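A.B. asks: Protein chains in written order, with this note's numbering: chain A, 232 to 868; chain B, 843 to 1043; chain C, 268 to 375; chain D, 4 to 513.
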Amino acid sequence: MESYIWLIPVLPLAAFILTIIFGRWWIKEQAHWLPILAMAASFGLSIAAFVQIRGAEEPVILNLFKWFSVGSFQVPFGLQVDQLTSIMLLVVTGVGLLIFIYSKGYMHGDPGYYRFFAYLSLFAFSMLMLVMANNYLLLYFGWEAVGLCSYYLIGFFYHKPEAAAAGKKAFIVNRVGDFGFGLGVMLIFVTFGTLDYTGVFEAVGQGQASNGILLAIALLLFMGAMGKSAQFPLHVWLPDAMEGPTPVSALIHAATMVTAGVYMVARSSVIFAHAPTAMWVVGGIGAFTALFASFIGIAQKDIKKVLAYSTVSQLGYMFMALGVGAWSAAIFHLMAHAFFKALLFLGAGSVIHSMSGEQDMGRMGALARRIPATWITFMAGGLALSGIFPFAGFWSKDEILGATFKEGVYIMWGVGILAAFITAFYTFRMIFVTFWGKETRSDEATVKHIHESPKAMTVPLIILAIASTLGGFLGMPGQLNVLGKFLEPVFAVADEVLGREAERIVTMDVVLMAISVGVALLGITMAWYVYVRRAADLPEKLGARFGIAYKIVYNKFYIDEFYAATFVRAAVDGSRWVWKHFDELIIDGAVNGMGWLWQRGGTAVRPIQTGRVQNYMLGIFAGLFVVMTVIVVVMFA
Amino acid sequence: MVEKILFIIFAVLTVAGAIGTITRKNMIHGLLLLVFTFLNVAAIFFLTQAYFVAMIQILVYAGAIMVLFVFVLMFLNLRSFQQEKQTHRQRWIALVLSVLVLVEFVAVLYGVTKAKYGFSLASVQGGYSPDQIAAAGGNNQVFAKALFNDMLLPFEVASVVLLVAMVGAIIMVKKEKHGQMATRQWEPGAEPALDVAEEEV
Amino acid sequence: MSTVPGGIPIPVDWYLYLSAALFMVGAVGILTRRNLFIMLFSLELMMNAVNINLVGFSGFHQNMTGQNFVLFTMAIAAAEAAVGLAIATALFRNKKTLMVDLFDTMKG
Amino acid sequence: MMLTILTFLPVAGALLMLIFMRGRPNAYKMTALVTTIITFAVSLYIAAQFTTGDASFQFQEDHSWIGNLGIHYHVGVDGISLLLVLLTTLLSMVAILGTWNSIKDRGLAFFISLLVLETGMIGVFVSMDLFLFYLFWEIQLIPMYFIIGIWGGARRVYAAIKFFLYTFAGSVLMLVAILAIVWWYSRHGGFLTFDILTLQKAGFNGTIALWSFAAFFVAFAIKVPMFPVHTWLPDAHTEAPTAGSVILAGVLLKMGVYGMIRFCIGFFPEVAVRAMMPVVILSVIAIVYGAAMSLIQPDMKRLVAYSSVSHMGFVTLGLFTFTVQGVQGAILQMVSHGILTGALFMMVGFFYDRTHTRLIKDYGGMARPMPVAAAFFSLFVLGSLGLPGLAGFVGEFLILVGSFQYYKVFAAVASIGIIIGAAYLLWMYQRTMFQQANEKWLSLKDLNAREIVTLVPLVGMAIWIGIYPHTFLNMVDAPAQNILTQVQPYLAQHGDGLVRMVSALFGGAK
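(1) Would you mind sorting L577 (chain A) into buried or exposed? The rule is 16 or more other CB atoms within 10 Å of its CB.
(2) Which residues in the same chain as R594 (chain A) place their Cβ atom closer than 6 Å to its Cβ, once the five residues preceding and following it in sequence are excluded?
(3) Counting only Cβ pairs nearer than 8 Å, list the residues of chain A close to E946 (chain B).
(4) Looking at the secondary structure, which residues open and close the beta strand (DSSP E) in which H75 (chain D) lies?
(5) In three-state DSSP terms, what is D371 (chain C)?
(6) Is L283 (chain C) close to chain B? Criterion is C-beta to C-beta, closer than 7 Å.
(7) Please report the straight-line C-alpha distance between Y789 (chain A) and E393 (chain A), rounded to a whole angstrom.
(8) Once the 5 residues before and after G269 (chain D) are set aside, which same chain residues still bring their CB inside 8 Å of it?
(9) Would you kindly work out how many angstroms separate the C-alpha atoms of S317 (chain A) and W264 (chain A), rounded to a whole number?
(10) Beta-carbon separation of A579 (chain A) and I607 (chain A) under 7 Å?
(11) I'd like to confirm the pairing. Which residues does DSSP put opposite A364 (chain A) in its beta bridges?
(12) S174 (chain D) to G123 (chain D), Cα distance in whole Å?
(13) Between the C-alpha atoms of G886 (chain B) and F878 (chain B), what's the straight-line distance to the nearest angstrom?
(14) The alpha helix (DSSP H) spanning I861 (chain B) covers which residue range?
(15) Kindly indicate if chain A contains any beta-carbon less than 7 Å away from that of L298 (chain C).
(16) Quick one: any contact between the stretch 681 to 688 of chain A and the stretch 613 to 624 of chain A, if contact means 3 or more CB pairs under 8 Å?
(17) Touch check for the stretch 373 to 393 of chain D and the stretch 462 to 473 of chain D: three-plus C-beta pairs under 8 Å?
(18) Taking 7 Å as the CB-CB limit, is T356 (chain C) close to chain B?
(19) Leaving out the 5 sequence neighbours to the left and right, which residues in its chain are closer than 8 Å to Q484 (chain D) when beta-carbon positions are compared?
(20) What number of angstroms, rounded off, separates the C-alpha of L343 (chain D) from the C-alpha of L86 (chain D)?
(21) DSSP on L448 (chain D), reduced to helix/strand/coil?
(22) Taking Cβ positions only, does D280 (chain C) come closer than 7 Å to chain A?
(23) For M303 (chain D), tell me which candidate among D:T358, D:A217, D:V330 has the shortest Cα-Cα distance.
(24) Cutting at 6 Å between CB atoms, please list the residues of its own chain near Q143 (chain D), excluding the five before and the five after it.
(25) Report the start-end ranges of each alpha helix (DSSP H) in the stretch 61 to 142 of chain D that is 4 residues or longer and not cut off at the edges.
(26) Using only the alpha-carbon positions, how far apart do Y350 (chain A) and V479 (chain A) sit?
(27) Report yes or no: is there a C-beta of chain B within less than 7 Å of the C-beta of F370 (chain C)?
(28) Taking Cβ to Cβ, would you say A294 (chain D) is nearer than 7 Å to I181 (chain D)?
(29) Checking 7 Å against the spacing of the C-beta atoms, do V307 (chain D) and Q336 (chain D) come in under that value?
(30) Out of curiosity, what's the CA-to-CA distance linking V737 (chain A) and G639 (chain A)?
(31) Below 8 Å, how does it come out for the stretch 1003 to 1016 of chain B and the stretch 348 to 359 of chain C: are there three or more Cβ pairs, yes or no?
(32) Are the beta-carbon atoms belonging to Y389 (chain A) and A262 (chain A) less than 7 Å from one another?
(33) Please confirm whether I864 (chain B) has its beta-carbon closer than 7 Å to some beta-carbon of chain C.
(34) Who does D591 (chain A) pair with in a DSSP beta bridge?
(35) Taking C-beta pairs closer than 7 Å, name the residues in chain B that L310 (chain C) reaches, listed in chain order.
(36) Do you know how far the Cα of F383 (chain D) is from the Cα of M360 (chain A)?
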């Protein structure tokens, strides 16, 4: 296994290098081949790794070369594959491959075609490095690298000011999170003297660090996760990131990169298990975000924005699961979410594609008949997101809710149920507004142009729809929880710390399931009532009735504006003030003042230079007199 | 003893000539007194048995250099200067200062040469006592040997210095080409200076 | 005593006093006279004062270097006289005067 | 002999140009380029022959020069100086290639200045005699002064004079310190010598150490530049022509840190340890302050210049943590800053050559007409903001790890500098390369082959250091250990107490 796992990230990297160098002049329209082939190969290798790692007690570690070696600071450039990694590998390469194929159709004819595929490959490489790293620093490397790719891909249409701004915003907000992550990594090193997962976890187990330090580490790491996984209050970048091409939203901002935070917390389960307070924070922020983001999702007009907030909300679920120690449930939801959210984004992309680039749901409608393949697959995704039996989302979400209930955190469970209700509501609001209705509310030319997407796009949709429908059976509760069992070796230590028995959810809690399906159905019904039954007047009425509330929700609780008015303004205006008043006035003023002083001093003593040579000579003789006087005094005194 | 008396006589004449030089209104008189002073200095060199230097003093100083001075003085309208005030504003303070410095010189010299205050002057012996010089063929011989052995390089350098001075002097007094030389008119607005040397030639 | 047996019979400090006197006379000339030529004369006086010193010590130390040096001083004096006179001529051409305190172009 | 050849090769080339190639631009440009390439090759040869892991100086040459004063022509390199010499030769080569056509006026003098500058810089890094060091230190000042003052921007004279006076004030202080310690050493059991190695063993203490340290430190702090003596830097960088900025940022600033390593720490380890705290505080201020200033600069070059203040703050921070990670990180950060900031200035120069403006607001959408340039630019921007896998990260992270061991709060504050770093660089990148394309620039030509060739070595270095810093860390490992061994006894004596006091004050528990 060591013989080939390094190929998994290296293949996309090679594809990236070749594509970026030769793409512009040479490969051009054929730029998709190398990345897709590389990705397919990586997928194949991931399957192989998955098969081989099953049941293994110890992770497979491959140290490629020394990266840092400074005194006690020894960090290898090393890869590691265990069960968690292998699941992530499958998700990344599998969903990634589908999205690559989809992009071939979606990005067709774009002037930056080769660039797009190059960036995607680079992203795949970075994400694979992230999940395959065997130490925190390399994780950080992948972490930043995916952020970079995200930056590039969000700003792919760089001539649009919003896209360029969104890319920058994503990177900087992530940097805020990474600030914590970086400090966390340093604190880990300073505390344990190593950054290797195995070494760190062992040291944690041996109690090498006090609880306070562990808490600090966990919170700092979680800060990074908050940035990357768009948790409140660092969620602001993700909706803006929708400026990127839709496949990017699907791959990076739904299926893979944003889940890196979840992966990281799960990976650090041992640390978190030792820091119960941190777990409360994780769960609390997750729950809050799940609810908060779903609220905002209700009021969005842009189809991608709805999905973005839904992603934020679903990520909140995952953190909620992590917060109560349901590690494998979080990973399960991560996987299921990757399937159905990628599906939804790709479906939305297909819709946008057919609508000639329109993203406003208000200008869609009645698309079901015109693009049936997209509609059906989108429905599958919508049902999965709403958590309807037996779609994937149902099983995974239910496992999370079950875990919170079982842990006795009823408030979290309640929040989850409420969020599930809202999720179902906004999901089907989106579906109804987009696909239902009598006619398309758009201009003639666009309507005429509506067409089903090419095969390259629909085939991935169908595959993902199947995965979203059936994927949930991997994680059925009780003895049937294949995924949970598979992941057991990874989380065994953390579970032990938390005092869990190996079989976490033994019984199938039919009541809980019924409740969650019930609220989901309620949400769907409400959406149907508002947007289909009384579509003519009710939405407007509601909008008018809850005007202010609607406005607040529509404007995402004005958090962006708040940040702009406080942090950004403080930084920019404060810096400008300091520049003008301190740097230029005081520091530089002191320097130039020194020059001025000498100049003035020079002017003051200038008259001494009379220009008459005899005056100078008199000076010389005066000097001679002084010297002689000294000599005489010394001699005779 | 005779030498000492002669020395005192010549020394007094030297200083007197010097004082005369610097007090004359008429530059020609000053110049002649200067030559007189140089001759006295040459006599003092002679008393010190530095015969060659004494001759050079007469030939070069009293001869060549002074001729040069005379030559230049003759170009200039000497009378005009005698109408003007001859002494500088700072003369009194300068005089007082000079006298003070002289007193200090004398004091220091007194202190030093009495060997009471530090160092003895008799410490260095060069190996050229008058007897030895006579044995080696006289002052000229010895002087030349020293000059062309130990001082050869400075000697050559001195010749270069003289050459440079000559070239420099010629360039400075040369007729000025338009806007080229350093002696160009200093104040652009003022009327062109009369080129005296030019007229004379 | 500051004579050496078998050497020059005149004590070396006499030379020094003479030299000092001559030097200061030159200095007074330079400091008090306005006439450029007289100032050049004074300069020559001061150089001669130095020469007297050199020769005096040469005799005293029974060493030829002093005398040799006098030759160099004279060479320099000649050079100085040549250049000085050239400058004087040039100055006179421009300002029609030799009164040194009228030349104050370099006034600060 | 190799080092002498290396040092004087550029001057030889310059002489050749001066004598034979007046008025033949192609000939003298080519000669200048070839000279720098050969110099670079020689430095590579030296690096290849260099024994890593040996803390002592290698390739030593020692000839008496001014014997009476104990002044020797003594040169040699250890890992640190070799690394900086390599940086110098590389950047000189790049600078000449990069400004091939930018200098229209008095090109010969310009290229000669660059070559003389190169000699001065190499000389500074290889000198093992204080007098020689000072000589080279001053020699490089003069061509730089001319480069800024003659071929600079609109306020070039102001900038040049400011640069000169600022640094000269520092070097005069340094001269005083040099004379002071030489004199002290000759009085206290030693003899008159300017030899650095001998003086390092002299064990200066008490008042002389304190004052000499202060004088040296001020001289080098100006050069680095540390807050608050940094204001010459934005002016000089902004007004200097591209090659000048590249060399200035790439190498000249490093001389300050190099001096600190050699003299401030090498001669006076005890005082250095005592000064640890204030220096660290100043460094952290410089990091955040420089970053904040960069944020609002309207001029691209000024922005990069202030970012240099920030990045060099990391270097001094790392150096004065006296941890192995901090010191090695500082040295590596010097190299990576030299490469990345040099590259950024180069890029700005390329844009300036085409547009004749440096103001960010005049740009916009440059990625459309110049995609290759935008790609290179983004790589350097990302490297500079510390993206893992590129050069900037390695040094910064090591420095932070090093400082984190003692000063948790300061490391955290310094990390804020990294956030702001991302903000100003990306904001600048967004406003210049992205957004609506400015109509005026749509017809601009993309980078030509020469410009790409100029940048490729820099890209290569940026990635190399980022992925496999081991090559370079290996080189500086032994000398860094050497520094730490010098400092160690005093750290135990003063440092701990200080750190404990600070920890108590700022709440970092260790």
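Using N, Cα and C, we set each Cβ at its ideal position, and we do this for glycine too. Predicted, not measured: the structure shown is a model, and the values here were computed from it.
C.D. replies: This is what the structure holds:
(1) buried
(2) R672, S673
(3) F856, M859, T860, I862, V863
(4) 74 to 80
(5) coil
(6) yes
(7) 18 Å
(8) I199, Q203, I486, Q489
(9) 25 Å
(10) no
(11) A:L310
(12) 14 Å
(13) In the sequence under discussion, the amino acid at residue 886 (chain B) is Ile, which differs from the Gly named in the question. Taking the straight line joining both Cα atoms gives about 13 Å.
(14) 844 to 865
(15) yes
(16) no
(17) yes
(18) yes
(19) A58, V327
(20) 15 Å
(21) At residue 448 (chain D) the sequence reads Lys, which differs from the Leu that was named. Here K448 (chain D) sits in coil by DSSP.
(22) no
(23) D:T358
(24) L120, G123, M124
(25) 82 to 101, 110 to 129
(26) 10 Å
(27) no
(28) no
(29) no
(30) For V737 (chain A), the predicted model reports a pLDDT of 48, less than 50, meaning its position is unreliable; a value from the coordinates is still stated below. Rounded to whole angstroms, V737 (chain A) to G639 (chain A) spans 16 Å at the Cα level.
(31) yes
(32) no
(33) yes
(34) A:D533
(35) Near L310 (chain C) there are no residues of chain B at all, since even the closest Cβ is about 11 Å away, more than 7 Å.
(36) 22 Å
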